[in-house]
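Protein chains in written order, with this note's numbering: chain A, 315 to 607; chain B, 2 to 321; chain C, 251 to 777; chain D, 8 to 334.
No residue lacks a Cβ here, since even glycine has one placed at the ideal position from N, Cα and C.
As the structure is a computational prediction, the values presented were derived from the model and not from experiment.
First comes the structure, then the notes that go with it.
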Amino acid sequence: MSAPLNPQAEAIATSRGPGFLRRLCRSRTAMLALGFIGLVILLAALAPFVAGHDPMVGGDDAMLPPLSPGHWLGTDDLGRDVWAQTVYGARVSLMVGLVTALFAVSIGVVVGGLAGYYGGWVDTVLMRVSEFFQTLPRFVLALIVIALFGSGLWKVIFVIAILSWPQTARLVRASVSSLRQQPFVDAARVGGMGDRALLLREILPNVAAPIIVTGSLDVAAAILLEAGLGFFGLGDPNHISWGSMLNEAQQYLRIAWWMSLFPGLAIALTVLSFNVLGDALNDALNPRSRVRS
Amino acid sequence: MWFVARRLLHAVPLLFCVVVLNFVLIAATPGDPVTILVGDFPAPPGYVEQVKREFGLDQPIYVQLMRYLGHVLTGDLGYSFANRQPVSTLILGRLAATLELTLTALLLASLLGIALGMLAARWRGSWLDSGVQGIASTGYSIPDFWLGQLLILVFSIWLGWLPSQGNMSVRGAPEGFAGFLDHLRYLLLPALALSFRYLALIARITRAAMLEVLSADFILAARSRGASETSVMITHALRNAAAPVITVIGYNLGFILAGSALIETVFGWPGIGRLLFDSISRRDYPVMMAILLMVSVTVVLANLATDILHRAIDPRVGDR
Amino acid sequence: MTRIDKLAFGRRQALGALAFAGLALRPGLGHATGGSGTVVAAIDNDPPTLNPGISTDYATGEIAAKIYESLVWLDVESTPQPSLATSWEAASDGRTYSFKLRQGVTWHDGKPFTAADVKFTFDEVLGKLHPRMAAVLKSLGAVIETPDDHTAVFRLQRGYAPFLVQMTVFDAPILPKHLFEGTNIPAAPASQAPVGTGPFKFQEWNRGANIRLTRNENYWDKPKPYLAEVVFQIVPQAANRSAGLQTGELDVVSDFYMPKPDLPRLMRDASLQNRQGINIPAIWFAMFNTKSPVFAQKEARQAVAMAVDRPRLVQQVMRGIARPGVGAFGDGFKWLVNADVSYDKKYPLDATKAKALLEKAGYDGSPIRMVFDAARPQLRSEAQIIRENLRAIGMDVQLEPLERSVMLDRVFAKREFDITLQSFFSAGDPAIGYTRLYATTTSGTNNNASGYSNPKVDELLAEAATAPDRDRRAALYKELQVILNEDLPSLVLFDEETVNVATKRVSGLWSSVDARDRWAGVRIQGN
Amino acid sequence: MLEVRDLSVEIAAGREKLRVVEGVSFSVGRGEAVGLVGESGSGKSMSAFAILNLFPSPHARIAGGDIWLEGRNLRGLSAREWRGVRGAQIGMVFQDPSSYLDPLIPVGRQVAETLRAHGRNEGAEARVLELLDLMELPSPAEVARKYPHELSGGMRQRILIAAALALRPALLIADEPTTALDVTVQAGILDLLTRLRVELDLGILLITHDLGVVAETCQQVHVMYAGTIVEQNEVGALFRQPRHPYSQGLLGSMLGPDSRAGNLFSIPGSVPGARDMPAGCRFHPRCPIFQPGLCDTGEPALVDRTGGGSDRCRRSGEFDNAWRRTA
């Protein structure tokens, strides 16, 4: 009945091996979420084959309700197929979500790793910087930057990534600085391993668990943020995105609710899936503790 | 007291950076604010220069920054040329509406969130728990502006129960309690839409914190002394779970304020959030800067207040 | 209410809301006598100012038109009618206008209205600060003489056909000299809390919520005005402005604030009335950058004309409330339309021909930048349809919605665009609003940014603006269309058509061509 | 006074039910200290928790047996009656005093909690000071106002003991009371427990993995392995001659005063989980004198041996030290 001396060490120890996958697969919601994400990715990848219509080409059949012949989710104000737009919109949302999370996690790992490993003034400076970024209201700032500098897919990704890394950085820093004191790290150092090798080979693999979890949550947050920008009419006009679909649907709420319903559902379900997956990953990687935001 | 002073001191450079960043960001953008003043037809040449002089836009950028910093320190947030009003007046005029909306949403989110989280933790694994967890995941995933649209669609358009725009009856609300009720009708939908995300977050954190506390060793110890379940809940569990919950509430205060930009726009709520959106499209620099500053300051102050509160609850904080 | 009062109110409200008691703290309603009822009209936002002499903002005009007056007003035929001027004479050369001013008119603060106010307004405000009039008055070299307190004489250095048409409250409101003289006019208190001669007095401005006007008890045209109060309610979401009309929360919504998608439904609603089609002409057009590699060739522009489905634009962008473009000046001014060279004849929809023209122009498939103001959702729809149409003939169109001031900079200052989507308001005469679309220009915003410069066109435009005789003007404009419909520096997509909607309880609306004007005679039943 | 008979504890894991304690019997008399010894996972703590019918996990429950306390069988009590027993008749002290004290509440109030929980509100404060004094804490009034993090580990453990003994229970269960403490502090706590046992005529059930602690403190000792008691004896006798190879191994791994780092011994392998319990003697996979056919069929019973004590080994008494034979 003895408690482990270091719960984190134990949690990390358990994160390896087949137990993790087994635990993940046991969660029915996680499997559902994973399934949905898979479906969205598949639809996005196969968009030209499954859309049935060119999402940018409309015609005179404007605002047909769902279940109309040839347009089972209806058409929008310009006669474009809502299903085709939703499927193509998935491409933008996924891209923004995944690329942003990748950026954010990369910056976060580097900053958090350096801060946590070296400590001292490096830590102080880097953490002050990340604290500063956390103080900034993300959505407001993204809104202003995009409004001022003009929209574009890469600008959106860049802005969201720049505003998303601090959380990962702080998490990585916490893990790294506690790991730094672990015996196995000491052992490696005594064994003559350099700082870089130590960070890359011994420490980082051990903070992989929290990184994967925040990464998944970052994807969800980025998709949501992009949708907010799109809703404000600040999405990339040359790509169809769920957020900008909602923006266009706004003025037709009364007469064509389906223009709002389907992209909104797509956002909600996709974000939900990534969040659920993140939670499940967390539970599976780290059964003893829960991530606090 | 020392703790508060130290935290305050810590916040100063943060705020300074926020001010500078805001200024640099906005100053570095393309486009000329003066053009927005010009209407549909060509402006007379002298007019543009006059406006520039009037607002100091003809000065070099660092002079503008110094001037701005000086003004901020003296509480002067500048003059909005799109609205032709001092920014502080403009913001003050909108503050009440925003505070009302955000505080209601926060209150709603906190009360419901904590209640739901506690219930879920108490009956862990029950259908109630699953329900709360469902709400928590959903609430955290639904775009709040879309939720606002759905609420309008259902409660305003289809059912016709509640108004969808503004914060009071157009033709003058009734006096007294009836006026309060009238006002409530306008407040309900936007407050709900704004609070849902935070309700979800708070419910989730409360549940997790309660579960963690309930499985803590000192709870077992209290039970071993014969303490009743109610007493265990009240003296130990609630108090210990409060810290993370308060942290989440406090740290999200500023973000609720920011989130109200979308909700205020969807519901036509005459607050700061909508003012922000209007100033973005009008490129009203001083107002944008002031609002960004205000939200950032709120975040910093909310964090500060949270830390202080945290310390009041937990004697360990600040001793390290 | 002075600004100090409002500040105090704001604070009180802020504190009140904290305690949830602020809900009961509401501004008292104006209790005016002699009129009855309140009409609530929608606007979309706080206006930048309530001084119509320095802004052409739509909301400023909407509100100021009830507070201020001008020398004349325009009836639905756009014919000038007496307002602050009881009569006027124009010299035969079109260069001298003499106005007899109405006597016994007072400002809302009780001071008498005199010719000095007129002279001050034109010399110090409109001539210097008005976005449209400053340039006009300067180019006309207008000098105003006031032989007595009730006469104002305008001497122009050259003729200007639309002079009288521009003497409305939107372009030439008469402001009180005693409140503005010697002040920094944009920042003057009277720019926030206006004092006019009109039927309604400014009462209060609740920022972000509403602006209230009350009846002017001393209005010169007794027993008007009939209403006790006019409220301008700020309703930012377009969809909710139409909802407000149906629930009865709003009484009047001007076309400018009307969401087009809702119009067909509102026009069927038995509790509502509307006025469609009578408006000051305005055109929406696509301007080509004739200095860009692609559109330097006339054929490329003509190809676009043949590819763009104008009727579909009307249907889907304007929900059918517009008329497809027919030529360089639209068809808003019926007298000048040249049917022989209309777009319908010259550019029927034909993708094959368009592709051939494009090939002839040597288009190499390079991307086309289409620039427009991001804040206007209709332009976004318009751009999407045009992109679709042009993609069908092989053009690669990239949309660039830009924040307004950036757009103005990109289009009019830097000319970094291939196509830009714009709309111009005629302000009552093609010479006021449309000349700038084709005349050679070197600088300034909202004019001919296409780079198209044709001395013949410049000459014809100048003559059309000054010729006093309408038949002569019509001939000139028809000749212009022959050239411009062929050269196509801009492609007119459609002519705006307005629909103003109000509840049936309101009567006496819309006696002027501009729906915002002439509210003295408005009545409301049942409140 | 305390008589535990045939106690079993189950943990529900999904649809499975795992027996973590199986047929454990022992007794504790007034003024007597009884040790329950074993490696972690042997079920000793679970047995202790079962006496209070209070488990750290909601999935654990008593599956069988009786718990007699001063003539009353505690099994079958209602939840309310159980609460009346806890703290009042049985006090409990835990392993890591820092985690078993509420960090947000001054320690004095936590001691008083025992009194308040049983309705003794009057004079609670004075009683708390008295208790703290009894625990040999300096300036009790000051200590009572402090928060747990302001006290040392030893002081915290004294607070826990004070809280457990506030109502003068007849029995104190101490679950690894010194494991988390420094060696020097350990001795103080053990001395205190011994003193309290004598002064208050207190029965103590001491759960530990450390035979040294038992040797110092207890009269009787029960060695537990994989949920069962494998050997029971008086402390002196057991230390002199352990019969079960497991006891012998435990004793061998004890860090005696003469041991050097070089001859540190530990039993290879680990305690089997309840899920994969070996057939026959539960210890046989780790046993140095495992005899196929004898040890891996049928579970051996706890057999009383001549000369006192009992054990569960079929080859009991064959070797003085089964481990030395192989080593």
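Exposed unless 16 or more other CB atoms sit within 10 angstroms - verdict on residue i
{"i": "residue 389 (chain A)", "result": "buried"}
{"i": "residue 40 (chain B)", "result": "For residue 40 (chain B), the pLDDT reaches just 44, beneath the cut-off of 50, and the residue's location in the model is therefore unreliable, leaving the point undetermined."}
{"i": "residue 737 (chain C)", "result": "buried"}
{"i": "residue 762 (chain C)", "result": "buried"}
{"i": "residue 318 (chain A)", "result": "Because the pLDDT at residue 318 (chain A) is just 30, under 50, the model does not fix this residue reliably, and the point stays unresolved."}
{"i": "residue 133 (chain D)", "result": "exposed"}
Opposing strand residues paired with residue i [DSSP bridges]
{"i": "residue 389 (chain A)", "result": "A:395"}
{"i": "residue 24 (chain D)", "result": "D:19"}
{"i": "residue 332 (chain C)", "result": "C:322"}
{"i": "residue 382 (chain A)", "result": "A:385"}
{"i": "residue 456 (chain C)", "result": "C:460"}
{"i": "residue 672 (chain C)", "result": "C:535"}
Through-space distance from residue j to residue i, alpha-carbon basis
{"i": "residue 9 (chain B)", "j": "residue 213 (chain B)", "result": "32 Å"}
{"i": "residue 770 (chain C)", "j": "residue 477 (chain C)", "result": "8 Å"}
{"i": "residue 482 (chain C)", "j": "residue 686 (chain C)", "result": "33 Å"}
{"i": "residue 311 (chain B)", "j": "residue 65 (chain D)", "result": "30 Å"}
{"i": "residue 518 (chain A)", "j": "residue 103 (chain B)", "result": "41 Å"}
{"i": "residue 13 (chain D)", "j": "residue 315 (chain D)", "result": "20 Å"}
{"i": "residue 530 (chain A)", "j": "residue 415 (chain A)", "result": "8 Å"}
{"i": "residue 308 (chain B)", "j": "residue 439 (chain A)", "result": "21 Å"}
{"i": "residue 405 (chain A)", "j": "residue 357 (chain A)", "result": "9 Å"}
{"i": "residue 75 (chain D)", "j": "residue 183 (chain D)", "result": "23 Å"}
Test: residue i CB closer than 9 Å to a CB of chain C
{"i": "residue 395 (chain A)", "result": "no"}
{"i": "residue 471 (chain A)", "result": "no"}
{"i": "residue 266 (chain B)", "result": "yes"}
{"i": "residue 324 (chain B)", "result": "Nothing in the structure corresponds to residue 324 (chain B), since chain B is present only between 2 and 321."}
{"i": "residue 261 (chain B)", "result": "no"}
Closer than 9 Å to chain D by CB, residue i
{"i": "residue 219 (chain B)", "result": "yes"}
{"i": "residue 251 (chain B)", "result": "no"}
{"i": "residue 314 (chain B)", "result": "yes"}
Within-9 Å CB hit, residue i to chain B
{"i": "residue 337 (chain A)", "result": "no"}
{"i": "residue 364 (chain C)", "result": "no"}
Any C-beta of chain A under 9 Å from that of residue i
{"i": "residue 562 (chain C)", "result": "yes"}
For the 8 Å Cβ check, are there 3 or more pairs between the region 62-82 of chain B and the region 214-222 of chain B? no
Can you find at least 3 beta carbon pairs, one from the region 262-278 of chain B and one from the region 581-595 of chain A, that sit closer than 8 Å? no
Any contact of the region 395-402 of chain C with the region 730-750 of chain C, i.e. 3+ C-beta pairs under 8 Å? no
Evaluate the contact criterion for the region 574-584 of chain C versus the region 622-637 of chain C: three or more CB pairs, one atom per stretch, below 8 Å. no
Are the region 200-217 of chain D and the region 41-55 of chain D touching, with three or more C-beta to C-beta distances below 8 Å? yes
Counting pairs of beta carbons, one from the region 408-421 of chain A and one from the region 479-487 of chain A, are three or more of them closer than 8 Å? yes
With three or more C-beta pairs closer than 8 Å as the rule, is the region 160-173 of chain D touching the region 195-203 of chain D? yes
Sufficient close CB pairs (3 or more, under 8 Å) joining the region 665-683 of chain C to the region 415-422 of chain C: yes
Could you check whether the region 543-559 of chain C touches the region 715-734 of chain C, counting it as contact only if at least three pairs of C-beta atoms, one from each stretch, sit closer than 8 Å? no
Given 8 Å, three or more beta-carbon pairs between the region 188-200 of chain B and the region 260-270 of chain B: yes
Any 3 or more C-beta pairs closer than 8 Å across the region 307-317 of chain C and the region 333-347 of chain C: no
Counting Cβ pairs closer than 8 Å, one from the region 185-197 of chain D and one from the region 146-162 of chain D, do we hit at least three? yes
Count the C-beta pairs between the region 89-109 of chain D and the region 11-25 of chain D that are closer than 8 Å, then say yes if the count reaches three, no if not. no
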